[in-house]
Amino acid sequence: MPRLRLAHFFVFFALITALSCPASAETAKSPAPKPLSIEWIMRGPELYGTEPTDVRWSLDSKQIYFRWKEPGEPRRESLHWYVVDKTASKDAKPRRLSDKEAENVPPVFDGEDPTTYHLGGGMPYFFFERDGDIFRSEPTVRRNVRITNTPAVRESDPHFAGNGSDVVYRVDDNLFRLSGTAGVDFRQLTDIRTGPAPKNESRKTEGTANIAETIERELFDSVRARTEERERERVRQSAREAQRGRTPFYLAETESVRDLVVSPDTKTVLALLDIPAKGATPSGVTPQYVNEDGFVSAPKARPNVGWEKSGTDRCVLLQVSDGKAIPVTVPPALKDRALRFLSAKFSSASGRLAVSARAEDGHDRWLFFVDLGTGVATVADTLHDPAWVNGPGWNAFGWTEDGNHLYCVSEESGWGRVILIGVTGTRQTLTPDRSEAYDISVRAISESETGYGNFATDKPTPVGTLYFTSSEGDLGQRHFYRRSLNGNENINLTRSLPGWNEATLSPDGKSLAVVHSYTNKPPELFVMDARPDAAPRQITVSPSPEFRAHPWRDVPVVKIAARDGTPVYARLFTSTKKTQATGAAVVFVHGAGYLQNVDKAWTEYPREYMFHHFLAERGYTVLDVDYRGSAGYGRDFRTGIYKHMGGKDLSDVTDSVRWLIKNQKVDPKRVGIYGGSYGGFLTLMALFTEPKTYRAGAALRPVTDWTKYNQGYTSRILGLPQDDEAAYRRSSPIFFAEGLTGSLLMCHGMRDDNVFFQDTVRLTERLIELGKTDHFETAIYPVESHSFTEPASWTDEYKRIFALFERTIGGRE
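Residue numbers for the sequence shown follow my numbering, so the first one is 66 and each next one is one higher.
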């Protein structure tokens with residue numbers, strides 16, 4: 066990364082200082098910080114605020130819209146729409162929109178897809194659907210014009226056709242087109258019907274059944290008359306359809322339309338069709354014991370892994386002119402592979418079509434170029450993984466502005482990097498190793514058009530300009546980058562905001578709306594010019610005054626060498642100066658598995674972050690570990706848990722404990738562990754298989770048996786239980802429960818439709834039968850699902866966790 070010039074350094078230093086220190090007016094209003102309590106911490110968003118979301122620009126690039134809640138709003142209040150002018154003064158506050166004004170909020174601007182908006186003619190407008198009807202919105206004059214009024218029919222997914230004035234939308238399984246700004250000319254683009262196709266009654270009949278039909282028509286006038294009338298109607302219908310010039314396309318039995326994608330010239334429609342598996346799939350239930358009517362209800366829930374039957378799908382090209390159907394065919398080498406088509410994109414410039422697909426076994430992802438005349442698909446890119454294909458943006462792809470190149474994200478080097486693929490077979494890597502790219506798009510903007518020139522790549526480009534978010538230079542940060550596809554330099558546009566940035570580029574390419582956070586600063590909305598070292602202006606203040614008054618720590622990140630030499634990153638909370646370290650340590654294990662929690666962003670676990678301050682104030686050392694399987698560290702780190710969850714992920718955590726003992730004077734007999742979901746699973750594996758390392762642990766909503774979890778997540782990592790029982794046995798805590806010698810607390814919401822409450826119930830019974838009465842306790846939460854919502858539940862849960870640690874490792878009565 067290039068060094069900052071001296072003048073830039075002073076600007077940079079001043080910006081960091083300004084962003085790190087609240088304004089003097091705010092400081093004066095903020096109450097003095099109070100000692101932390103669990104009740105106070107578990108108020109959640111009432112303290113640390115609500116993140117601005119759904120950020121978007123007005124089509125003229127002058128205003129920013131977003132959804133938000135101001136500090137002090139009731140906990141159960143919904144988010145509201147707000148707007149702020151890009152050029153408003155530093156002290157200007159965002160304005161809350163009325164419900165009527167919120168109806169005119171523009172769509173998210175997709176500079177890559179011109180079918181969602183119209184900017185020409187001095188009057189920007191867009192189409193949207195409300196209550197099943199299509200409207201045209203003209204935001205500059207704050208007017209909505211109704212285009213359709215069809216109470217009996219529901220229209221959806223409106224977007225512009227290639228000429229920029231017609232709108233195409235979907236009704237049930239078909240696409241329709243309205244020409245003219247007020248819908249003057251109406252036309253149906255597809256004629257997709259539920260099958261089977263009508264039979265020809267005059268066909269030659271064979272077999273016993275058809276002989277019987279022939280005899281019936283011969284003997285009975287009434288039967289013969291009905292048969293002949295049906296045949297006459299079929300002929301009349303065929304004549305009418307021939308007059309229209311379009312042949313209907315009939316779906317096969319049980320087949321359904323997943324998606325319809327129209328070409329820019331509206332001459333071709335790609336239909337993605339799903340064919341479900343035959344037979345019913347057994348599903349679970351989530352009993353609910355506290356309800357308004359006083360009765361127990363049992364809503365249906367997902368099936369378990371191994372029980373979900375996989376269907377198939379197919380792609381068909383439909384010619385709008387005559388209804389001709391052309392099946393999309395994959396290369397012969399893939400003919401016997403079970404694969405699923407995922408998504409399709411036409412180039413607005415060249416009209417070319419690209420389709421993505423993934424193997425049912427999860428080992429491959431393909432990008433295909435599809436010939437519109439023959440339906441023949443040729444491989445543009447293959448991503449193979451002997452474990453499973455995933456990683457950042459593994460299915461992200463799109464066209465460059467000239468329509469001659471595809472971009473995609475590939476882990477072929479071991480890191481999620483942006484690749485540019487030409488239709489002639491050329492291939493170029495655009496982002497470096499040891500970084501991962503996210504949220505990629507290509508805009509028809511040259512560097513000179515932004516008004517911020519003087520770059521090495523400052524020249525118009527027919528290919529476009531690439532915009533993306535990347536961890537380049539620091540795996541714990543996210544910055545927004547620009548790169549001319551005719552150049553070779555990735556330019557960091559948000560480096561004046563160190564930390565974590567989610568940027569939204571304005572339609573004119575000159576400004577950024579950035580949701581920015583840092584380790585000890587919750588997400589806020591900023592606006593800035595789209596150029597390096599631009600000064601950001603803060604728009605929102607989300608946390609409460611009492612939260613802002615507390616000295617939340619910029620917790621340091623430490624690098625720990627795992628036993629196989631792999632670097633493992635962790636956040637280290639040491640005891641505060643006012644207390645002496647007790648020698649006790651608590652390890653927090655994040656959930657989800659594939660998630661990055663050790664970074665320079667505001668945490669995904671804000672209550673736990675505050676709870677760790679609470680523990681540190683009482684002499685505990687706390688370590689928050691990104692173990693093997695976490696996101697953000699490349700392919701090998703991501704797939705380190707393949708075929709064995711509770712293997713390298715757990716050894717990473719245990720190696721981190723050994724580091725604590727060696728470097729932080731932690732007492733090896735006073736180590737606790739806790740976490741939720743996947744973190745709850747690892748807590749159980751730690752207590753059951755490493756009892757000499759962990760004296761106590763709290764497993765929250767834990768997976769106790771992977772055969773009871775869902776198919777999409779589990780089968781990618783372990784396969785199916787009927788195919789690899791051993792992988793499930795070595796990965797499921799319930800098979801190691803006899804190893805419990807320490808103290809275990811299990812907490813679970815009874816309405817959990819992700820990790821079923823059944824997981825904790827089954828392990829509880831197993832522990833009872835093993836005679837572990839003195840080693841475990843279970844707390845249930847009748848109104849909570851996987852993510853708790855009630856402060857009372859959060860408070861009860863964390864009081865129990867704290868009491869467990871105080872009783873077992875804290876050295877306090």
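Virtual Cβ for every residue (Gly too), placed ideally from N, Cα, C.
Buried or exposed (CB count within 10 angstroms, at least 16 for buried), residue i
| i | result |
| --- | --- |
| N214 | exposed |
| L338 | buried |
| S89 | Legend: pLDDT at S89 = 37, less than 50; position of this residue unreliable, value from coordinates given subsequently. The residue in question, S89, is exposed, as its Cβ has fewer than 16 Cβ neighbours within 10 Å. |
| I276 | exposed |
| H183 | buried |
| G879 | With the chain covering 66 to 878 only, the question about residue 879 has no answer from this structure. |
| S287 | exposed |
| V36 | Nothing can be reported for residue 36: it is not among the residues displayed for the chain, which extend from 66 to 878. |
| T118 | exposed |
| Y354 | exposed |
| V454 | buried |
| S808 | buried |
C-alpha gap between residue i and residue j, whole angstroms
| i | j | result |
| --- | --- | --- |
| A419 | K410 | 5 Å |
| T641 | E682 | 6 Å |
| L244 | G416 | Residue identity check: residue 244 is Ser in the sequence provided, not Leu. The straight-line gap from Cα to Cα measures roughly 20 Å. |
| N239 | V322 | 9 Å |
| C380 | I340 | 11 Å |
| T82 | L558 | Its pLDDT being 40, under 50, T82 is placed unreliably in this model, and the value from its coordinates should be taken loosely. Rounded to the nearest angstrom, the two C-alpha atoms are 19 Å apart. |
| L27 | D429 | Only positions 66 to 878 of the chain appear in the structure, and residue 27 is not among them; the question remains open. |
| S328 | S386 | 13 Å |
| R872 | A650 | 13 Å |
| V606 | G741 | 30 Å |
| F406 | D222 | 20 Å |
| A568 | D358 | 46 Å |
| F867 | I103 | 9 Å |
| V120 | T639 | 37 Å |
| I845 | W859 | 12 Å |
| D22 | F462 | With the chain covering 66 to 878 only, the question about residue 22 has no answer from this structure. |
| N775 | P368 | 7 Å |
Endpoints, the beta strand (DSSP E) within which residue i is located
| i | result |
| --- | --- |
| V826 | Not the beta strand (DSSP E): V826 falls in the alpha helix (DSSP H), residues Q823 to E834. |
| I845 | F841 to Y846 |
| Y503 | A502 to R508 |
| G814 | S808 to G814 |
| S221 | E220 to F225 |
| V232 | V232 to V236 |
| N566 | W565 to L570 |
| D817 | Segment: none, D817 is in no beta strand (DSSP E) and carries neither H nor E. |
Contacting residues, own chain, Cβ-Cβ under 6 Å from residue i (five flanking each side not counted)
| i | result |
| --- | --- |
| P767 | G745, F746 and L749 |
| M811 | A764, T825 and T843 |
| F78 | Here the model assigns F78 a pLDDT of 37, short of 50, so the residue's position is not dependable and the matter cannot be decided. |
| G658 | G694 and Y743 |
| M710 | S796 |
| E611 | P96 |
Contact set for residue i: own chain, Cβ-Cβ below 8 Å, skip 5 residues either direction
| i | result |
| --- | --- |
| D498 | S478, G479, W480 and R482 |
| F241 | E220, V233, Y234, R235, F251, R252, Q253 and L254 |
| I106 | L112, R672, M675, F676, F679 and Y863 |
| Y517 | For Y517, the pLDDT reaches just 46, beneath the cut-off of 50, and the residue's location in the model is therefore unreliable, leaving the point undetermined. |
| R132 | P117, T118, D119, L144, H145, W146 and Y147 |
Own chain residues within Cβ distance below 7 Å of residue i, not counting five before or after
| i | result |
| --- | --- |
| K269 | Note that K269 scores 49 on pLDDT, short of 50, meaning its location in the model is unreliable and no value can be drawn from it. |
| A599 | S561 and M593 |
| A591 | A quick correction: the sequence has Phe, not Ala, at residue 591. Here the set comprises L562, V579, H581, P601, R602, Q603 and I604. |
| F753 | P798, F801, A802, G804 and L805 |
Continuous alpha helix (DSSP H) stretch holding residue i: start and end
| i | result |
| --- | --- |
| F612 | P610 to A614 |
| S716 | K713 to N728 |
| A868 | P856 to T873 |
| S797 | Run containing S797: none; DSSP gives neither H nor E here. |
| S780 | Q776 to L783 |
| G741 | No alpha helix (DSSP H) contains G741, which is instead part of the beta strand (DSSP E) from V736 to G741. |
| E466 | Taken as a continuous stretch (DSSP letters only), E466 belongs to no alpha helix (DSSP H), as it is neither H nor E. |
| K165 | D164 to A167 |
Any C-beta of chain D under 8 Å from that of residue i
| i | result |
| --- | --- |
| V327 | Judged by its chain identifiers, the structure shown contains no chain D, having just a single protein chain. |
*Where in the region 666-703 do unbroken runs of the alpha helix (DSSP H), each at least 4 residues long, occur, reported from the N-terminal end onward?*
The alpha helix (DSSP H) runs of length 4 or more contained entirely in the region 666-703 are, from start to end of the chain, 671-682 and 700-703.
*Return the chain-ordered ranges of every beta strand (DSSP E) run that is complete within the region 106-144 and spans a minimum of 3 residues.*
Secondary structure remark: continuous beta strand (DSSP E) runs of at least 3 residues inside the region 106-144, in chain order: 118-122 and 128-133.
*Fully enclosed by the region 324-405, which beta strand (DSSP E) runs are 3 residues long or longer?*
With a minimum length of 3 residues, the continuous beta strand (DSSP E) runs that stay inside the region 324-405 are 333-340, 377-384 and 390-392.
*What residue ranges within the region 472-503 form continuous beta strand (DSSP E) runs of no fewer than 3 residues, ordered along the chain?*
The region 472-503 contains, as complete beta strand (DSSP E) runs of 3+ residues, the segments 482-487 and 492-494 (chain order).
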